[in-house]
Amino acid sequence: MAESSLLDRSIPARIADKIQMLEKCGLSSLYVGQLEKAIKCYNEMLQMLLEAQIQEDRPIHKGVPYHMLGLAHLYAERIDEAFWNVLLAYIEDTLNVGHGLEQEADSAPAGRLLVQFFQIDAGHLSSIKDYVVKIKISRLWGRARDPVEVLRETSPKSAVKDDFRNWYNFAMALAKTAVLARKKDLGFKWIKRVFIGGNYYGNMETLRKIADIVKAKKFIPVIVNDYRIPDEGLINHHSLMLLHTCRLAIFELSVAGGQYFEIARVNEYDIPTLGLYRQDSPYWKSSMLVTMSGRIAFKSYGSDAELKDRTEYFLDNPPP
-14 MAESSLLDRS IPARIADKIQ MLEKCGLSSL YVGQLEKAIK CYNEMLQMLL
36 EAQIQEDRPI HKGVPYHMLG LAHLYAERID EAFWNVLLAY IEDTLNVGHG
86 LEQEADSAPA GRLLVQFFQI DAGHLSSIKD YVVKIKISRL WGRARDPVEV
136 LRETSPKSAV KDDFRNWYNF AMALAKTAVL ARKKDLGFKW IKRVFIGGNY
186 YGNMETLRKI ADIVKAKKFI PVIVNDYRIP DEGLINHHSL MLLHTCRLAI
236 FELSVAGGQY FEIARVNEYD IPTLGLYRQD SPYWKSSMLV TMSGRIAFKS
286 YGSDAELKDR TEYFLDNPPP
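Quick note on our numbering: the sequence shown kicks off at -14 and runs consecutively.
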């Protein structure tokens, strides 16, 4: 019989402030490119949660430090470590929802990263969800405290060559073959990558001007139209993937278009963003944009010189 109520996997109140402080330490370090410091903060956060599990004698959700360790290692181009930590975060997400809701982990950040960025077939994750269901219905949910144990029990031996003994080796192999092939197309210098969005058909000339300014400042401009999208039906997924690989974002808002789809995510991804618009444009100030202004600094310009000044200032002085 399954456990009738959602298991308490919350962070104990006595350590909540310290956990929040370590999370802020990691996040602020990521913003300024101090990747090793970020990794140190998230490792301390993870260790504190592991110790609290012993003291509380119950499992505690560790998805945040695992996921953020994955991102930090990804930005540092340590693909193996990135994949491993994101995979553990995914398992934590499956354990953190009620029985029958395990599929929600697929749409959580770790699940999306595994499928959309690492290009892992969603079918490979089914064995994890199936095993987690067994844990819950066998009343072992309260003992499931280490996501690595789940990997040991869900080793996909039948799906890979004989020399792969467990999920760890499987994960490492997938990370190397899938991501390294993609890096030839994308590169990965997160600290210098700037996403440039706008109407790619009606305003590309302005977007190219912004890209030239970004390049002149020794940053890497990222425009979705410059990349080979393997499936045009998934262009939104790939544009968000590219946005997630950038530290900063600049959107030209004078001509309405598909940029609103990406803009809607900059607050969620916590990406400092510049929203540029021509002084004579009647379209830029939509109610949707105003409500999403948390991480967006809106600046108008009346000439190419002002466009250059606004862009350069943002690159030199991005919001913290």
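We put the CB at the ideal spot given by N, CA and C, even for glycine.
According to DSSP, is residue i part of a helix, a strand, or is it coil?
{"i": "proline 50", "result": "helix"}
{"i": "valine 71", "result": "helix"}
{"i": "alanine 90", "result": "helix"}
{"i": "threonine 296", "result": "helix"}
{"i": "alanine 1", "result": "helix"}
{"i": "tyrosine 16", "result": "helix"}
{"i": "threonine 139", "result": "coil"}
{"i": "glutamine 101", "result": "helix"}
{"i": "glycine 260", "result": "strand"}
{"i": "serine 111", "result": "helix"}
{"i": "tyrosine 286", "result": "strand"}
{"i": "alanine 249", "result": "helix"}
{"i": "alanine 234", "result": "strand"}
{"i": "glutamate -12", "result": "With a pLDDT of 45 at glutamate -12, under the threshold of 50, the predicted position of this residue should be treated as unreliable, though the coordinate-derived value follows. The answer is coil: DSSP assigns glutamate -12 none of H, G, I, E or B."}
{"i": "isoleucine -4", "result": "coil"}
{"i": "isoleucine 76", "result": "helix"}
{"i": "phenylalanine 149", "result": "Legend: pLDDT at phenylalanine 149 = 34, less than 50; position of this residue unreliable, value from coordinates given subsequently. Phenylalanine 149 falls in the coil class under three-state DSSP."}
{"i": "isoleucine 281", "result": "strand"}
{"i": "histidine 222", "result": "helix"}
{"i": "aspartate 42", "result": "coil"}
{"i": "asparagine 302", "result": "coil"}
{"i": "arginine 128", "result": "helix"}
{"i": "glycine 85", "result": "coil"}
{"i": "valine 133", "result": "helix"}
{"i": "tyrosine 254", "result": "helix"}
{"i": "aspartate 65", "result": "helix"}
{"i": "alanine 95", "result": "helix"}
{"i": "alanine 57", "result": "helix"}
{"i": "valine 118", "result": "helix"}
{"i": "isoleucine 208", "result": "coil"}
{"i": "alanine 241", "result": "coil"}
Buried or exposed: where does residue i fall if 16 or more other Cβ atoms within 10 Å of its Cβ makes it buried?
{"i": "valine 135", "result": "buried"}
{"i": "valine 17", "result": "exposed"}
{"i": "glycine 55", "result": "buried"}
{"i": "aspartate 2", "result": "exposed"}
{"i": "lysine 200", "result": "exposed"}
{"i": "glycine 287", "result": "exposed"}
{"i": "proline 304", "result": "exposed"}
{"i": "alanine 57", "result": "buried"}
{"i": "tyrosine 60", "result": "buried"}
{"i": "serine -5", "result": "exposed"}
{"i": "methionine -14", "result": "With a pLDDT of only 36 at methionine -14, under the threshold of 50, the placement of this residue in the model should not be trusted, and no figure is reported."}
{"i": "lysine 9", "result": "exposed"}
{"i": "lysine 47", "result": "buried"}
{"i": "asparagine 221", "result": "exposed"}
{"i": "leucine -9", "result": "exposed"}
{"i": "glutamate 190", "result": "exposed"}
{"i": "alanine 95", "result": "buried"}
{"i": "glutamate 247", "result": "buried"}
{"i": "aspartate 78", "result": "buried"}
{"i": "alanine 196", "result": "buried"}
{"i": "tyrosine 186", "result": "exposed"}
{"i": "aspartate 148", "result": "Residue placement at aspartate 148 is flagged as unreliable, the pLDDT there being 35, under the threshold of 50; a coordinate-derived value is accordingly withheld."}
{"i": "arginine 295", "result": "buried"}
{"i": "arginine 232", "result": "buried"}
{"i": "leucine 20", "result": "buried"}
{"i": "serine 92", "result": "exposed"}
Between residue i and residue j, which are expected to be in contact by the criterion C-beta below 8 Å, what is the C-beta distance as a whole number of angstroms?
{"i": "histidine 84", "j": "lysine 114", "result": "11 Å between Cβ atoms; not a contact."}
{"i": "methionine 30", "j": "leucine 7", "result": "4 Å"}
{"i": "valine 179", "j": "alanine 234", "result": "7 Å"}
{"i": "asparagine 188", "j": "serine 239", "result": "7 Å"}
{"i": "glycine 182", "j": "phenylalanine 236", "result": "5 Å"}
{"i": "leucine 73", "j": "proline 132", "result": "4 Å"}
{"i": "leucine 80", "j": "alanine 129", "result": "6 Å"}
{"i": "lysine 202", "j": "glutamate 297", "result": "6 Å"}
{"i": "isoleucine 0", "j": "methionine 33", "result": "6 Å"}
{"i": "tryptophan 175", "j": "threonine 258", "result": "So it is not a contact: roughly 15 Å between Cβ atoms."}
{"i": "valine 71", "j": "leucine 35", "result": "About 18 Å separates the two Cβ atoms, so there is no contact after all."}
{"i": "lysine 293", "j": "isoleucine 198", "result": "5 Å"}
{"i": "lysine 194", "j": "aspartate 289", "result": "7 Å"}
{"i": "leucine 110", "j": "tyrosine 75", "result": "7 Å"}
Is residue i close to the ligand MN? I mean its beta-carbon at under 7 Å from any heavy atom of the ligand.
{"i": "glutamate 36", "result": "Of ligands this structure carries none, so the ligand MN is not represented either."}
With 8 Å as the threshold, decide whether the Cβ of residue i is near any Cβ in chain D.
{"i": "isoleucine 256", "result": "Any reference to chain D falls outside this structure, which holds one protein chain only."}
Using 8 Å as the threshold, is the segment 47 to 67 in touch with the segment 11 to 24, meaning 3 or more CB pairs across them? Cβ pair count under 8 Å is three or more, so yes.
Inter-stretch contact (C-beta, 8 Å, three-pair minimum) for the segment 32 to 46 and the segment 88 to 107: Counting Cβ pairs under 8 Å, fewer than three are found: no touch.
Enumerated in chain order, which unbroken segments of the alpha helix (DSSP H) with a length of 4 residues or greater are wholly contained in the segment 172 to 206? 189 to 201
Quick check: the segment 249 to 262 against the segment 197 to 213, are there 3 or more CB pairs under 8 Å? no
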